[in-house]
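Chemist: Provided herewith is a single structure, encoded as structure tokens, for subsequent inquiry.
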Amino acid sequence: MAEELTKRQLQIISEAAAEEAIRVYVKHQVKIKKEQKDWRLRNTELLLKNYRKLKDHCSEIDSEIEEIEGTIFELQELTLESLMQYRYKTAKMLKHVDRMLIAYDWDCGHGSVEEKRRYDVLKWRYLSEDRLTVKEICENLNVEQGTVYRDTKLAIKEITILLFGLDALEIRV
């Protein structure tokens, strides 16, 4: 014969289920935030790795960017016009990136020796017309490869904060 649960037992079960649901929800939210942060860092690194190509891609359209202001880019119609709109969007994005790189250069220029070196590593690896290899950067700065890779990683994190603002920071409440 099945016994009925008492009100107290139901209350205990309900509380335990609610606590578990909250724990799972919080864990899921932390995972989502980490994935978003990782995505931003990967995007910043990809952007920097392809910086010269993107600059070349939209070099002659800087003056026309304002004409496209407020345009929505749809993938439904892949026409010459829509391809030009993507190009305009890329150029606008690169203007923002350039402004943030200038800010980063200024900030590093007024910082420690390590911060100045960090900007030089970023510039020589990604931004210069004649980019240098890691080995060449090591020789120029008289540092080891690990330092160049560590500086690159730190610079990308710092640029990500400039590009994405508060969303790039890991703030715990």
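In numbering that gives the first Met the number 0, the protein residues as written are 0 to 172. In this text, a Cβ means the ideal position worked out from N, Cα and C, and glycines have one as well. Every value quoted in this text rests on a predicted model; they were computed, and no experiment measured them.
Classify A154 as buried or exposed, calling it buried when 16 or more other Cβ atoms lie within 10 Å of its own Cβ.
Modeler: buried
Chemist: Considering only residues of the stretch 118-161, which uninterrupted beta strand (DSSP E) runs meet the minimum length of 3 residues and lie entirely inside it, listed in chain order?
Modeler: Those beta strand (DSSP E) runs which fall completely within the stretch 118-161 and span 3+ residues do not exist here.
Chemist: According to DSSP, is L9 part of a helix, a strand, or is it coil?
Modeler: Residue state, collapsed to three classes: helix.
Chemist: Verify whether the separation of the beta carbon atoms of Y125 and Y50 is less than 8 Å.
Modeler: yes
Chemist: In or out: L45 buried (at least 16 other Cβ within 10 Å) or exposed?
Modeler: exposed
Chemist: Using the beta-carbon count (16 or more within 10 Å), is E143 buried or exposed?
Modeler: exposed
Chemist: As a quick exercise: from L140, A90, E135 and R116, pick the residue whose alpha carbon is nearest that of K52.
Modeler: A90
Chemist: Taking L93 as the reference, give the member of R117, I21 and C57 with the closest Cα.
Modeler: C57
Chemist: For A16, is the classification buried or exposed, using 16 other Cβ atoms within 10 angstroms of its Cβ as the cut-off for buried?
Modeler: exposed
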